[in-house]
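>
Protein chains: 2
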Amino acid sequence: MRSDPRCAPCLLNRVLYEAELSTTDKELKFMAIQGGIEFLRENFKPGTNAIQISTGIHRKAYSILGDEDPYREKKAESNRIAAAMIPTVREYISGAKPEDRFRKAVLASIIGNSFDFGVQGHKVETENFDGFFNELFENGLDVDDTDRILELARNGKVIYLCDNCGEIYFDELVLEQLKEANAHVTLVVRGGYILTDVTMEDVARMGLDKKVDIVMTTGSNAIGISLEEAPEELLEAMRGASVIISKGMANYEALSEEDFKPIAYLLRSKCEPVSQSLGVKKDMNVAKLYL
Amino acid sequence: MRSDPRCAPCLLNRVLYEAELSTTDKELKFMAIQGGIEFLRENFKPGTNAIQISTGIHRKAYSILGDEDPYREKKAESNRIAAAMIPTVREYISGAKPEDRFRKAVLASIIGNSFDFGVQGHKVETENFDGFFNELFENGLDVDDTDRILELARNGKVIYLCDNCGEIYFDELVLEQLKEANAHVTLVVRGGYILTDVTMEDVARMGLDKKVDIVMTTGSNAIGISLEEAPEELLEAMRGASVIISKGMANYEALSEEDFKPIAYLLRSKCEPVSQSLGVKKDMNVAKLYL
């Protein structure tokens, strides 16, 4: 996806957000913002890849803040809230008709995609996540290609691109459904700390490596995936996949103009530019397959 | 007031806001944002005056957009909504005890200060302004120095610095109370179009010149007042005033570190940096006197 005019203030707000997570030093916050402005002045041009801009500005902010992981507490908080909800959601899924279980697990993992702190115009519901979850779960998917996604995944090779902490607990339920469908699953997490994204630490803590066939990383802490920084094995696996299941906006922004197909984007549409690009309204639960 | 790290993303959001008011041309929006980023890179430094930054960035955006008044429709909308409310509010005031009327008029004009479109984290209630107004009117002032303000104004020389359209209809009720108290009133409006601020056009349309003793302008379209651009007559009048009544955040930002006293700031605190500077919470109704 290309940068939209609306991306610049949102990115600068997010730099401010992570500066405030990282430090109480007002001068340092000022420097982080100034670094973000400097980066935007050099790089924010029509036609630039949205992910290149967001990766660059956050790396610069982290470096100025001298903090390799400003979101560490937010990640832990997301994980706590999500983990507490899982036994209930597991019952929702096992109580559903067999043909609905994949859809329900996907829906849960898309609601989990709302664990995305610092997106302008998007509030993470931490006070009453149960209520928020149940309301959205009741509403269901706004775009629902899950039957066709499952069909491609069954007995096939699935690449599952993770997004946020918290969300990953719901992803686990989808992974279980994929294994039920006899898919060979390659789980992909970020190669380094960025925003609230899942890394190998989360995989290890949750023992997800035992639930899937292979775990890979994106090779770097780029937002979504940088094709320049990704290991060749990952790109090859993506090229040979029966279906790529891509979680969240960042992975969408990274891959929407690339040639990896079939690809299914599972996300909650949390900002206008991404929603427009997908042809959906903001705040929708989207499971959209591109063949 | 000095610039705060939080000002930069907010200003850039406001440039985006006015670009979206002004044009549907995505390239032009991009150019306005890039102009804003460029301006911030050159000028956004710790210790800079907040008003210098906001004046400069909006002037640049207007110039790139080729639009001398992007907020014209928002101003008309604010005026319509406010004017429709005035007969009711006039009754509230005339129904109050005489010693409460100034306070009630001030409160109304502070609620009117919520007509401020494009401030990040602040939503202007246009759908149900009546309900919003009545709720806030019921709650009253959070900081209330109105008795002391009126004491200074009585039989004295008052400089009344206006802020937004819409709000100006409620200001008229305060002006009436000031005239009741036999004050000599100098009304000050912006010298040119900026944001939703009141200009001579509004004064003429409403016939406010007949309600006060003198009308002056700030001499330019600077946000708040630029002391460099203001006519000497205005600065002299401000120096000789029994009390300056300053409406809204921009006038506060412009004058909070200057030496014009006594000065009363009447505003709704719509952003964190201004609220902190005033020592109040966000979204408070503030009538604070500095001697």
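Chains A and B are the protein sequences, given in the same order.
The working numbering puts the first residue of the first sequence at 12, with every later residue one more than the last.
The working numbering puts the first residue of the second sequence at 12, with every later residue one more than the last.
We put the beta carbon where it would ideally sit given N, CA and C, even for glycine.
According to the Cβ coordinates, are residue 30 (chain A) and residue 43 (chain A) closer than 7 Å?
yes
> Just checking: is the beta-carbon of residue 24 (chain B) within a distance shorter than 7 Å of some beta-carbon in chain A?
yes
> Residue 303 (chain B) by DSSP, collapsed to three states: which one?
Residue 303 (chain B) cannot be examined here, being either before or after the span of chain B that is shown, 12 to 302.
> Could you check whether the Cβ of residue 16 (chain A) sits closer than 7 Å to any Cβ belonging to chain B?
Among the CB atoms of chain B, one or more fall inside 7 Å of the CB of residue 16 (chain A).
> List the endpoints of the continuous beta strand (DSSP E) containing residue 275 (chain A).
274-279
> Use the C-beta contact count for residue 98 (chain A): other C-beta atoms within 10 angstroms, 16 or more gives buried, fewer gives exposed.
So residue 98 (chain A) counts as exposed.
> Please classify residue 66 (chain A): is it buried, with 16 or more other beta-carbons within 10 angstroms of its beta-carbon, or exposed?
A residue is called buried once 16 or more other Cβ atoms fall within 10 Å of its Cβ, and residue 66 (chain A) is buried on that count.
> Counting C-beta neighbours from all protein chains within 10 Å, is the total for residue 16 (chain A) 16 or more, i.e. buried, or is it exposed?
buried
> Looking only at its own chain, which residues have a Cβ that is under 6 Å from the Cβ of residue 59 (chain A), when we skip the five neighbours before and after it?
14
> Listed from N- to C-terminal order along the chain, which residues in the segment 56-77 of chain A have their beta-carbon within a distance smaller than 9 Å of any beta-carbon of chain B?
56 and 57
> Excluding the five sequence neighbours on either side, which residues of its own chain have a C-beta within less than 7 Å of the C-beta of residue 278 (chain B), listed in chain order?
121, 124, 258, 259, 260, 263 and 297
> How long is the line joining the alpha carbons of residue 103 (chain A) and residue 276 (chain A), rounded to whole angstroms?
23 Å
> Taking the beta carbon of residue 46 (chain B) as the centre, do at least 16 other beta carbons fall within 10 Å, making it buried, or is it exposed?
buried
> Can you have a look at residue 164 (chain A) and say buried or exposed, based on whether 16 or more other CB atoms are within 10 angstroms of its CB?
buried
> Taking 7 Å as the CB-CB cut-off, is residue 49 (chain B) touching chain A?
yes
> Does residue 78 (chain B) pass the burial test, meaning 16 or more other C-beta atoms within 10 Å, or should it be called exposed?
buried
> Which runs of the beta strand (DSSP E), 3 residues or longer, sit entirely within the segment 231-260 of chain B?
Here the runs fully enclosed are 254-258.
> Residue 211 (chain A) by DSSP, collapsed to three states: which one?
helix
> Please work out which residues of its chain come closer than 6 Å, Cβ to Cβ, to residue 33 (chain B), disregarding the five sequence neighbours upstream and downstream, and give them in chain order.
Answer for residue 33 (chain B): 76, 78 and 81, listed in chain order.
> Starting from the Cα of residue 64 (chain B), find the closest Cα among B:93, B:84 and B:23 and give me that residue.
B:23
> According to a CB-to-CB cut-off of less than 9 Å, which residues of the segment 272-291 of chain B neighbour chain A?
none
> Just curious, the alpha helix (DSSP H) that residue 71 (chain A) is in, first and last residue?
61-76
> Since I believe residue 89 (chain B) is in contact with residue 175 (chain B) (beta carbons under 8 Å), could you give me their beta-carbon distance rounded to a whole number of angstroms?
7 Å
> If we cut at 7 Å on Cβ distances, does residue 97 (chain A) have a partner in chain D?
Considering every chain present, this structure includes no chain D. Its protein chains are A and B.
> In its own chain, which residues sit with a C-beta less than 6 Å from the C-beta of residue 155 (chain A), not counting the 5 before and 5 after it?
298
> For the candidate residues B:177, B:241 and B:256, whose alpha-carbon lies nearest to that of residue 301 (chain B)?
B:256
> Can you tell me whether residue 124 (chain B) is helix, strand or coil according to DSSP?
coil
> Report yes if the CB atom of residue 210 (chain B) is closer than 7 Å to the CB atom of residue 226 (chain B), and no otherwise.
no
> Count the other CB atoms within 10 Å of the CB of residue 232 (chain B); is the residue buried (16 or more) or exposed (fewer)?
Buried, by the Cβ-count rule.
> Using the beta-carbon of each residue, which ones in chain A are nearer than 7 Å to residue 44 (chain B)?
16 and 19
> At which residues does the alpha helix (DSSP H) containing residue 298 (chain A) begin and terminate?
No alpha helix (DSSP H) holds residue 298 (chain A); the beta strand (DSSP E) holding it covers 296-301.
> Going by DSSP, which residues form a beta bridge with residue 175 (chain A)?
A:208
> Apart from the five residues just before and just after residue 241 (chain A), which ones in its own chain have a Cβ nearer than 6 Å to its Cβ?
If you ignore the 5 residues before and after residue 241 (chain A), its C-beta comes within less than 6 Å of the C-beta of 229 and 230, all in its own chain and listed in chain order.
> Going by the CB atoms, is the gap between residue 87 (chain A) and residue 100 (chain A) shorter than 7 Å?
no
> Going straight from the alpha carbon of residue 152 (chain A) to that of residue 114 (chain A), what length do you get?
Across the structure, residue 152 (chain A) and residue 114 (chain A) are spaced so that their CA atoms are roughly 8 Å apart.
> Of all the CB atoms in chain A, is at least one closer than 7 Å to the CB of residue 13 (chain B)?
No - not a single Cβ of chain A is within 7 Å of the one on residue 13 (chain B).
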